[in-house]
Amino acid sequence: MVLEVRASELEAPGDIDSFCLAVGDRDAGGGEFARHYLVGEGGVDGLPQTLAIDPGQASTAFAWVRGYRGGIEIARDSAELSFGEGEVALTLARCPGGPGGAPSLVSQAEVPAGSRAVLSIGRTGSAVVAVGEGDSAVLAARGGELDRLPGAAPGAGGGAAADLIAFDLDGDCDDDVVVVPDGAPPVAWRREPDGSFTEIAGALPDAPASRAAAAADVDGDGDIDLALGGEAELSIWLNDGTGRFARHPTAVGGDGGTDVVRLGFGDLDGDGAVDLVAGRGAVDAAPTRVLFNSGTGAFETAPAALPEVPLKVRALLVRDLSGDLFPDLVLGGSEMPVKLYVNRTDGRLEDRSFIALPSVEPVEVASLASGDWDGDCLADLVIGLVDGGEPLSWRGSDSGAMVDDGSPAVAGERVLLGDPDDDGDLDLLAIDGGAALGWGAR
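Following our numbering, the numbering of the sequence shown begins with 1124 at its first residue and continues without gaps.
What follows is the structure, encoded as structure tokens:
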């Protein structure tokens, strides 16, 4: 069998500077291939690329590919493989498409109270990892149901998670997890071949208690690194390629390193090095800060990059919403409206909230999620509210302004857009304030 990796409406090299390709036997005891490829100088020339697969004793397998820019995933695709087919293509697409129409509730499942959730992809397919008060859960979306996998995740300690992120920390193309417990140092979990997770002892030696985490390749060596932020400091942790991290020797400069609540990475100024946004204001409102990367993982606060407006940020997204391939910024929080800052393409972010958003009334935001939910190649935004209930759903339009899309049909304060059932369509996951996780699809 031949597996081909293609790009659609994305340049490689250019928009995509690396990709990770993996093929795994559905039997956890079977074989697996996983490799990270640079695109351009020092790597493959570009896309498409082909891989010949010898099935051995396997009858079926799962294949997935993830396209990166600066260690930040910008596209993915996956497919079931039945050996005997001649060729299968995986496409890294700017506009993957998907169904239109009204959303509907597909399934619900119990998760620990106060959970945060992320999606993880690996050889057993995508799974939802939820970490809550004293417990954790891994759920798979199969046959239209969310089923909890027994014994699939380590215990989460006594408190709820202050933050939770998923990324490939050991270079095998699947999503591992970093948990930021409330008031305790972060811990790293490795995804195993059977879809379960185990804690990596000593992955973050002497890491401080934190509130927020974000992941990207900050030093350009191909490994995905980590930023941790909290009350007193913001620190950068460099990955050795195996999922073990060492603190960057250069301290973060400026006041962007204090009172950190949320973090997000993106190449804001287009120089090829990922920059960092630090949302602040845990108790007293404080300006959100942009921190520019020297290219080596040393960050310096740039106060002029954002309007000097004190905010109490609770949720943060760094994502291209305007369609120019430069990341923009969305902020939500307490005692404030949702804010949209559009990138001027030089790293300066301009407040376009009054022009581009359906409402600038203050709302209590718990979470933000963005993606092309309705398949029209325009970024949409889902906003989870602190009191739970129906999130706000704002849809991208050809005018450049978002419009109110009505109810998304899945209630909950923690919202997540992804593809839990691996059918190629973006779905919505939402967790209410208690212990129920709802899965909605268009």
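Where a beta carbon is used, it is the ideal one built from N, C-alpha and C, also for glycine.
Check                                                                                                                         : Outcome
Straight-line gap, Asp1168 to Arg1158 (C-alpha atoms, nearest Å)                                                              : 16 Å
Candidates Ser1230, Ala1212, Ala1130: closest to Asp1550 by CA position                                                       : Ser1230
Per-residue burial, Ala1324 [other beta carbons within 10 Å of its own, 16 or more giving buried]                             : exposed
Cutoff 7 Å; reference Glu1203; Cβ partners in own chain excluding five residues on either side                                : Thr1183, Phe1185
Per DSSP, the bridge partner or partners of Arg1459                                                                           : One point to set straight first is that residue 1459 is Met, not Arg, in the sequence displayed. Val1486, per the DSSP bridge assignment.
Beta-carbon contacts of Gly1282 that lie in its chain and below 8 Å, excluding the five residues immediately before and after : Glu1256, Gly1257, Pro1304, Asp1305, Gly1306, Ala1307
Status (buried if at least 16 other CB within 10 Å, exposed otherwise) for Gly1147                                            : buried
Residue environment, Phe1477, which counts as buried when at least 16 other CB atoms sit within 10 Å                          : exposed
For Ile1139: DSSP bridge partner residues                                                                                     : In DSSP, Ile1139 forms no bridge with anything.
Top-ranked residue by Cα proximity to Asp1392, from Thr1419, Val1406, Pro1450                                                 : Pro1450
Assigned secondary structure, Ile1554 (DSSP; H/G/I helix, E/B strand, else coil)                                              : strand
Straight-line gap, Ala1564 to Leu1539 (C-alpha atoms, nearest Å)                                                              : 12 Å
Given Asp1545 as reference, the closest of Ala1524, Asp1295, Gly1245 once Cα atoms are compared                               : Gly1245
3-residue-minimum beta strand (DSSP E) runs that sit fully inside the stretch 1267 to 1291, ordered along the chain           : 1268 to 1271, 1284 to 1290
Boundaries (first-last residue) of the beta strand (DSSP E) holding Ala1338                                                   : 1335 to 1339
Exposure of Thr1468, with buried meaning 16 or more beta-carbon neighbours within 10 Å                                        : exposed
Residues near Val1436 by beta carbon distance below 7 Å, same chain, minus five either side                                   : Val1384, Arg1385, Gly1402, Arg1403, Gly1404, Thr1411, Leu1454, Gly1456
CB-CB length for Asp1138 against Leu1448, believed under 8 Å                                                                  : 6 Å
Residues sharing a beta bridge with Phe1477, DSSP                                                                             : DSSP output for Phe1477 lists no bridge partner at all.
Delimiting residues of the beta strand (DSSP E) encompassing Phe1320                                                          : 1320 to 1322
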